Structure formats: structure tokens, C-alpha cells
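Going left to right, the sequence shown walks through residues 31 to 223 as the numbering used here numbers them. We put the CB at the ideal spot given by N, CA and C, even for glycine. As the structure is a prediction and not an experimental result, all values here were calculated from the model. What follows is one structure encoded as C-alpha cells, with my remarks underneath.
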Amino acid sequence: MGSSEILKPKLVCWDWSGTIIKSDNLNYFINNYLFWKNELDVFPFSQKEKMKKAWFSFDKSMKSKIQREYKNVEERVEPCINPYALGLIDFFADHEIKQGVVSLASSKQIKVHLGLLGLMQFDFILGSDSGKSPKPDPSTLIDIAESLKIDPRNIWVIGDSELDMDLAKNSGGFGIRVESGLKPVWDMIDKCF
31 MGSSEILKPK
41 LVCWDWSGTI
51 IKSDNLNYFI
61 NNYLFWKNEL
71 DVFPFSQKEK
81 MKKAWFSFDK
91 SMKSKIQREY
101 KNVEERVEPC
111 INPYALGLID
121 FFADHEIKQG
131 VVSLASSKQI
141 KVHLGLLGLM
151 QFDFILGSDS
161 GKSPKPDPST
171 LIDIAESLKI
181 DPRNIWVIGD
191 SELDMDLAKN
201 SGGFGIRVES
211 GLKPVWDMID
221 KCF
């Protein structure tokens with residue numbers, strides 16, 4: 031969590047993969063497809079840990095090949111939205127709270143997926159290809175807050191990783207870590223609205 035005082039948000043920054051969209055299953059299916067395509071062992075869903083161990087056993091050239099192929103496959107896969115995210119995104123939009131996506135994924139790809147999902151409530155997208163400092167560097171987020179005349183303490187960062195929480199802390203905002211559903215966000219809303 032970021033600062034100790036929880037303020038009503040004026041800017042909500044969402045992580046993309048694992049927060050707005052469900053990525054675990056997508057990553058599993060894409061990796062299994064690429065393992066199969068490269069004549070490697072495939073793994074049932076219940077053996078994701080074995081898949082991870084297999085990945086670490088691959089030599090550098092095989093890892094590089096799969097990583098290149100992964101981007102091509104991922105761009106053709108429709109995203110699956112986290113079931114809780116839509117209601118929260120709409121809630122913040124209905125309350126005229128600015129929203130953005132801050133991710134290590136490609137801005138271009140996120141914009142395409144947002145279009146496919148019909149999510150037009152976002153005021154900005156900061157991805158790996160945006161030319162800005164990546165999270166957890168707070169400089170870009172602080173610049174956005176200043177341009178919107180928002181006190182950084184009124185920023186909520188919603189994400190599923192330590193990087194997201196570091197971004198919240200480094201920017202002076204409030205971090206809400208969501209690892210198994212977005213209920214913690216609704217809990218904070220109940221305290222602030």
C-alpha cells in the first residue's frame with residue numbers, strides 16, 4: 031500500500047495484464063501451443079509448475095525463438111477481461127474519475143485490445159513503447175497528475191504485482207494489490223465514497 035491516509039481517488043491507474051485482463055490462462059495456452067509447435071512437451075493445466083520448470087531448462091536460442099513467436103500469437107488472441115474489472119472501470123467513469131493504464135505491455139497492443147473489449151473510459155495508456163519511463167519509475171505518473179492538477183496522494187494504483195505497489199509508493203499515491211479478484215478495490219471504495 032502507498033501512503034497511510036486513504037484519499038478519494040481523482041486518478042486511477044490500472045495495471046493491464048493480470049488486473050484488467052486475465053493473463054495466467056492466456057499465457058498457459060499460448061506457451062503450450064508454442065511448445066507443441068516447436069515439438070516440445072506440452073503440459074495439462076494442472077501442471078503449470080512443470081511447464082515453468084521446463085521453460086528454465088531450455089537453452090537460450092529456444093527461449094529466444096519462443097519469445098519472438100509469443101508476441102505474434104499474443105497479438106492475434108482476443109483478451110479475456112477480468113470479470114470484476116468492468117464494473118469498477120464503469121464506477122470510476124460514472125464518478126468522473128480519470129483513469130489510465132500503466133503497463134510493461136505494448137501501448138499499441140493495449141489500445142487494440144481496449145477497442146476489442148469496447149473499453150473507451152481511459153484517458154491515457156502508458157506502455158513499454160510509449161517512450162516514457164517504465165513502472166515503477168513515478169516521473170511520468172507525477173507529470174500526468176500535475177498536468178491534470180491532481181495531488182499525487184489522490185492517485186490509486188490498482189495492480190497485481192510488487193512493481194505496481196512500488197509505482198504507487200514512489201508517486202505518493204495509494205496502491206491496491208489485487209491477486210485474486212478486485213474485491214479489495216470495492217473495499218477501499220466503501221471507505222472513501
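Are residue i and residue j closer than 9 Å when you measure CB to CB?
| i | j | result |
| --- | --- | --- |
| I119 | W46 | no |
| F212 | A115 | Position check: residue 212 holds Leu in this sequence, whereas Phe was assumed. Yes, these two residues count as a Cβ contact at 9 Å. |
| N175 | P164 | It should be pointed out that residue 175 corresponds to Ala in this sequence rather than to Asn. It is not a contact, given that the beta carbons lie outside the stated cut-off. |
| D194 | P166 | yes |
| I140 | G157 | yes |
Go ahead and pull the three-state DSSP assignment for residue i.
| i | result |
| --- | --- |
| L146 | helix |
| S47 | strand |
| S33 | Because the pLDDT at S33 is just 45, under 50, the model does not fix this residue reliably, and the value given afterwards should be weighed accordingly. Correct three-state label for S33: coil. |
| L70 | coil |
Residue i and residue j look like a contact to me (Cβ under 8 Å); what is the Cβ gap, rounded to whole Å?
| i | j | result |
| --- | --- | --- |
| W216 | P39 | With 8 Å as the limit, W216 and P39 do not qualify as a contact, their Cβ atoms being about 13 Å apart. |
| D159 | S136 | 5 Å |
Along the chain, where does the beta strand (DSSP E) containing residue i start, and where does it finish?
| i | result |
| --- | --- |
| K213 | Counting along the chain, K213 falls outside any beta strand (DSSP E), though it belongs to the alpha helix (DSSP H) covering 213 to 222. |
| F204 | 204 to 207 |
Taking the alpha helix (DSSP H) that residue i falls in, what are its first and last residues?
| i | result |
| --- | --- |
| K199 | 192 to 201 |
| G117 | 115 to 124 |
| L171 | 169 to 177 |
| Q128 | The sequence given here places Lys at residue 128; Gln does not occur at that position. Run containing K128: none in the alpha helix (DSSP H); it sits in the beta strand (DSSP E), 128 to 132. |
| F86 | 78 to 87 |
Within the chosen definition, does the region 55 to 70 reach the region 196 to 203 through at least 3 CB pairs nearer than 8 Å?
No: the two stretches stay apart, fewer than three of their Cβ pairs being nearer than 8 Å.
Check whether the region 125 to 141 and the region 63 to 78 touch, using three or more Cβ-Cβ pairs below 8 Å as the test.
With the cut-off at 8 Å, the region 125 to 141 and the region 63 to 78 do not touch.
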